[in-house]
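In my numbering, the protein residues as written are 10 to 299.
Note that beta-carbon positions come from the ideal geometry of N, C-alpha and C, so glycine has one too.
In what follows, a structure is listed as structure tokens, so that the remarks can point back to it.
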């Protein structure tokens, strides 16, 4: 969530505007606020290492533009961006007049940001060899796992991508996708493959939650655990996008998950099992390929 200047508004240099945000999510420790004066092509930092939820009084800078936008990013302790939201509002800033030329536009040079390291374009564990750690590294976010793409710029978004949200009067916790939709966790076992606890859940009012459309179900994080259904003895490793790979023998399971492999299996309700697709099995021949 990000609140600040109104869409189509005009603000004079030196005015004070209140900016408020919620930027929680997996691995997020701080919030970073930035200003663009060219519609989002480049960004200048307003405030960094702020709490994941809060507000600041922002002094409008002395620039002139009709394409100003605000962005909030959730960053980790190393400063890498884990989630970000750009405000839907585009506003104008009128800079202070120059003593030399009152009509001169003051230009701020672009700031080149170092982007967060993205997930690989594909999960190499979907075919051939399988490594639990490689599967984890290949899919670090639910956005990546479900192939969730950002919402169109004109879409109203009421939550911060990558954050966990709930209403005060309901215990259900949702994941906010990059598309501005909320995704459900069918049960806690799935939740704990992605998050350690509920400390970063953002409580929002029921009216705002109702404005956020449902997007679908979250699936098990690849590499974290194996799954099966009670009616079938086959055990499956999970890869990106809910592609399941049958772990064909106990030796294969032991090589991938260690001696405690049989403690790394969850039974899944058959109603949710249909959310997954069956891929290639993992055989003895696939061992050692990672």
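Helix, strand or coil at residue 66 according to DSSP, with G and I counted as helix: Residue 66: strand per DSSP, three-state reduction.
Own chain, CB closer than 8 Å to residue 15, minus 5 neighbours either side, in chain order: 98 and 100
Three-state secondary structure assigned by DSSP to residue 45: Looking at residue 45 - three-state DSSP - the assignment turns out to be strand.
Buried or exposed by the 16-neighbour rule on C-beta atoms within 10 Å, applied to residue 61: buried
Cα-Cα separation between residue 188 and residue 69, rounded to whole angstroms: 29 Å
Residue 168 and residue 278 closer than 9 Å at C-beta: No, the pair does not count as a contact, with Cβ atoms beyond the cut-off.
Unbroken stretches of the alpha helix (DSSP H), 4 residues or longer, contained in the stretch 164 to 189: None, since the stretch 164 to 189 contains no complete alpha helix (DSSP H) of that length.
Three-pair Cβ contact test at 8 Å for the stretch 15 to 24 versus the stretch 52 to 59: no
Nearest-angstrom Cβ-Cβ length linking residue 183 and residue 191, presumed shorter than 8 Å: 4 Å
Boundaries of the beta strand (DSSP E) in which residue 57 is found, first to last residue: 53 to 59
Inter-stretch contact at 8 Å, needing at least 3 Cβ pairs: the stretch 250 to 262 / the stretch 207 to 220: no
Environment of residue 152 [buried if 16+ CB atoms lie within 10 Å]: buried
Among 27, 46, 290 and 92, the one whose alpha carbon lies nearest that of residue 159: 92
Environment of residue 287 [buried if 16+ CB atoms lie within 10 Å]: exposed
Element boundaries [beta strand (DSSP E), containing residue 254]: 252 to 255
Buried versus exposed, by CB contacts within 10 Å (16 or more), residue 139: It is buried - the Cβ of residue 139 has at least 16 other Cβ atoms within 10 Å.
Bridge-paired residues (DSSP) for residue 287: Residue pairing by DSSP places residue 287 opposite 253 in a beta bridge.
Nearest-angstrom Cα separation, counted from residue 280 out to residue 240: Spanning the two alpha carbons is a distance of roughly 12 Å.
Where the beta strand (DSSP E) through residue 194 begins and ends: Under the DSSP assignment, residue 194 falls outside any beta strand (DSSP E); it carries neither an H nor an E label.
Residues of its chain near residue 64, where Cβ-Cβ distance is below 8 Å and the 5 sequence neighbours each way are ignored: Counting only residues of its own chain and dropping the five nearest sequence neighbours on each side, residue 64 has a CB closer than 8 Å to the CB of 27, 28, 29 and 30.
Proximity of residue 57 and residue 44 at Cβ, strictly below 9 Å: Between residue 57 and residue 44, the C-beta spacing is not below 9 Å.
Beta-carbon proximity list for residue 135, same chain, < 7 Å, skipping 5 on both sides: 248, 249, 252 and 288
Contacting residues, own chain, Cβ-Cβ under 6 Å from residue 194 (five flanking each side not counted): 200 and 227
Residues near residue 18 by beta carbon distance below 8 Å, same chain, minus five either side: 98, 100 and 101
Pairwise C-alpha distance: residue 95 and residue 285: 32 Å
Element boundaries [alpha helix (DSSP H), containing residue 279]: For residue 279, the uninterrupted alpha helix (DSSP H) run begins and ends at 279 to 282, by DSSP.
Residue 218 (DSSP reduced to helix, strand or coil): helix
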